[in-house]
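Trainee: Please read through the structure below; I'll follow up with questions.
Protein chains: 2
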Amino acid sequence: MAKKNHDSPEAARDAILDAAEAIVVEVGPAGLRISAVAKRAGMAHPNIIHHFGSRDGLLNALAERVGERATERITQAISSALSADSDQLVDAMAKVLDTAYQGDEGRAAVWLHLSGAESSLKDNMDKIVDLSHQLRKNIEPTVERENTSRIVLLVTLALVGEVVSGEAIKAALGFEKSPDGSRAQFRRWLAQLLLQLSDSELPKGSGKP
Amino acid sequence: MAKKNHDSPEAARDAILDAAEAIVVEVGPAGLRISAVAKRAGMAHPNIIHHFGSRDGLLNALAERVGERATERITQAISSALSADSDQLVDAMAKVLDTAYQGDEGRAAVWLHLSGAESSLKDNMDKIVDLSHQLRKNIEPTVERENTSRIVLLVTLALVGEVVSGEAIKAALGFEKSPDGSRAQFRRWLAQLLLQLSDSELPKGSGKP
DNA sequence: TCATGTGTTTACAACACTGTAAACAAGGTT
DNA sequence: AACCTTGTTTACAGTGTTGTAAACACATGA
């Protein structure tokens, strides 16, 4: 006896992707077993292969969806910062970092990329750099785009590191976990630092005079 | 017929750890198969279990060795920077970053930590913060230790991110791979930025006045 | 020379996981 | 009402991986 069908293949695919995303967030990319995904989605595991072709097909589809969502959330947060008053700027910037650092989509995106799943990373990064550069130009019109790229690179790498082993490293360095503890303070600190970089003199392009 | 024995159990363990480290660097922690390690070390796989008890035992032992070596290399580089003249400081600092970012031990340490292997992370991070704070105090005696921790956290997270998906992110952001390309420039830029942070006004601890 | 210890190997057991094959169920279409 | 399409399930095959058991080889010491 077959269980109740989904109305459309899209609905089934979405249900499977939801389950897969939750599991990836929990156990990481290596631990993803399609039988576990099937159990969580309430179906038998061959159904997943029917819809996505293979385990890799599922991972790639998930990477695509998750990358898009994370990028949309981050670009939205930067856009908010773009239209913020200057006295709210630090708050808005901290929120950008919160958005990037806290979202499960971001975590899943990193995990998936880590496991070799492909996604349109370049397009997404381009959008983020564009918006970030607009923000920096709002603060100081003469800033160089090259520096924007560098700042985005630094923050992105830190984000990935945060996702991968942030817990252990922060704990080892004595950053408290509690809300409004030193971790939230760290984000505020970083937000201020990034905004300050827009104003102050950054090292020149080549590094050598 | 058994193949030529190692002289001591330590020699055998070292040979196994060498092979395991090379493989972890290549394929990441999830891809480590003890049979592959055995093949590379020129022995049969049960011998690995004989020496380390289990696959996890091997991973933990490797994490310990690799963490110690990476920490030693990094602290050594910071110590060099400590005794550098001020006109060589940027070079020395860039070398610290190179040491951290390029070493295979660093990559393996991150991979292993990622796979759940335990190591004495806190002790190693403490050493690094101590030396970094000495360096910052040399430049400006009034710097706060809290800020040193934050800077080390930021750079460490970025290092982890670099190891995990640095290739893809840098490529997506248009950083060239060639030696002396924009990646080397990025490290120089970051080195100058970090040194500059020692001089300029950093955000206050709480972030709110 | 024999005995003991241990590094090492071959053969195997047990298990988990992915992917396949065939049948079933439920909807829409003619 | 019969048919076709497709979402879904059960049963199974195949493969790869960890860990075990027992035998083997080589060194050291009595």
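First to last, the protein sequences are chains D and X.
In our numbering, each residue's number is its place in the first sequence (first place is 1) plus 143.
In our numbering, each residue's number is its place in the second sequence (first place is 1) plus 143.
Ideal Cβ placement from N, Cα and C applies to all residues, glycine included.
Have a look at X:Ala224, X:Thr214, X:Arg293, X:Ala315 and flag the residue whose alpha-carbon is nearest the alpha-carbon of Ala252 (chain X).
Mentor: The residue given as residue 252 (chain X) occupies position 109 in the second sequence. Minimum Cα distance to Ala252 (chain X) is reached at X:Thr214.
Trainee: Could you pull the start and end residues of the alpha helix (DSSP H) that Leu175 (chain D) belongs to?
Mentor: Within the first sequence, numbered from 1, the residue matching residue 175 (chain D) stands at position 32. Looking at the DSSP string, Leu175 (chain D) is not in any alpha helix (DSSP H), and its letter there is neither H nor E.
Trainee: Can you pull out the residues from the segment 278-306 of chain X whose beta carbon lies closer than 9 Å to at least one beta carbon of chain D?
Mentor: Result list: Glu289, Asn290, Ser292, Arg293, Val295, Leu296, Leu297, Val298, Thr299, Leu300, Ala301, Leu302, Val303, Gly304, Glu305, Val306.
Trainee: Need the endpoints of the alpha helix (DSSP H) that Glu310 (chain X) sits in, please.
Mentor: Counted from its first residue, the second sequence places residue 310 (chain X) at position 167. Unbroken alpha helix (DSSP H) run through Glu310 (chain X): 288-315.
Trainee: In this structure, does DSSP put Phe329 (chain X) in helix, strand or coil?
Mentor: Indexing the second sequence from 1 puts residue 329 (chain X) at position 186. DSSP places Phe329 (chain X) in helix when its eight states are reduced to three.
Trainee: Given a threshold of 16 other Cβ atoms within 10 Å of its Cβ, counted over all protein chains shown, does Gly185 (chain X) qualify as buried or as exposed?
Mentor: Here residue 185 (chain X) is taken as the residue at index 42 of the second sequence, counted from 1. Gly185 (chain X) is exposed by the Cβ-count criterion.
Trainee: Rounding to the nearest angstrom, what Cα-Cα distance links Ala272 (chain X) and Glu283 (chain D) in this structure?
Mentor: On the second sequence, position 129 is the one that residue 272 (chain X) refers to. On the first sequence, position 140 is the one that residue 283 (chain D) refers to. According to the sequence displayed, residue 272 (chain X) carries Val and not Ala. Answer to the nearest angstrom: the Cα atoms are 34 Å apart.
Trainee: Starting from Gly324 (chain D), follow the alpha helix (DSSP H) in both directions and report where the run begins and ends.
Mentor: As a position in the first sequence, residue 324 (chain D) is number 181, starting the count at 1. Segment: none, Gly324 (chain D) is in no alpha helix (DSSP H) and carries neither H nor E.
Trainee: Would you report the Cα separation of Gly309 (chain D) and His193 (chain D), rounded to the nearest angstrom?
Mentor: Residue 309 (chain D) sits at position 166 when you count from the first residue of the first sequence. Residue 193 (chain D) sits at position 50 when you count from the first residue of the first sequence. About 37 Å.
Trainee: Three-state secondary structure (DSSP) at Asp228 (chain D)?
Mentor: Residue 228 (chain D) sits at position 85 when you count from the first residue of the first sequence. Correct three-state label for Asp228 (chain D): coil.
Trainee: Just the chain X side, please: which residues come within less than 8 Å of Ile312 (chain D) by C-beta, in chain order?
Mentor: Against the first sequence, residue 312 (chain D) aligns to sequence position 169. Under the 8 Å cutoff, chain X gives Leu264, Met268, Leu296, Thr299, Leu300, Val303.
Trainee: For His188 (chain D), name the three-state secondary structure that DSSP assigns.
Mentor: Numbered from its first residue, the first sequence carries residue 188 (chain D) at position 45. Here His188 (chain D) sits in helix by DSSP.
Trainee: Is there a C-beta anywhere in chain X that falls below 8 Å from the one on Phe318 (chain D)?
Mentor: For this step, residue 318 (chain D) is matched to residue 175 along the first sequence. Chain X, which has a Cβ nearer than 8 Å to the Cβ of Phe318 (chain D), makes this yes.
Trainee: With a cut-off of 8 Å, do at least 3 Cβ pairs link the segment 213-228 of chain X to the segment 329-339 of chain D?
Mentor: The answer is no - the segment 329-339 of chain D does not touch the segment 213-228 of chain X, with fewer than three Cβ pairs under 8 Å.
Trainee: Considering just the uninterrupted stretch of the alpha helix (DSSP H) at His149 (chain D), what are its terminal residues?
Mentor: Numbered from 1 along the first sequence, position 6 holds the residue referred to as residue 149 (chain D). Note, His149 (chain D): premise wrong, no alpha helix (DSSP H); not H, not E.
Trainee: Counting only Cβ-Cβ distances shorter than 9 Å, please list the residues of the segment 241-258 of chain X near chain D, keeping chain order.
Mentor: Under the 9 Å Cβ criterion, the segment 241-258 of chain X contributes Val253, His256, Leu257, Ser258.
Trainee: Spatial neighbours of Ser258 (chain D) within its chain, please: CB distance less than 6 Å, with the 5 preceding and 5 following residues excluded, ordered by chain position.
Mentor: Translated into positions along the first sequence, residue 258 (chain D) becomes position 115. Pro172, listed in sequence order.
Trainee: When you compare the CB of Gly309 (chain D) with every CB in chain X, is at least one pair closer than 8 Å?
Mentor: The residue labelled residue 309 (chain D) in the question sits at position 166 within the first sequence. Yes, contact with chain X.
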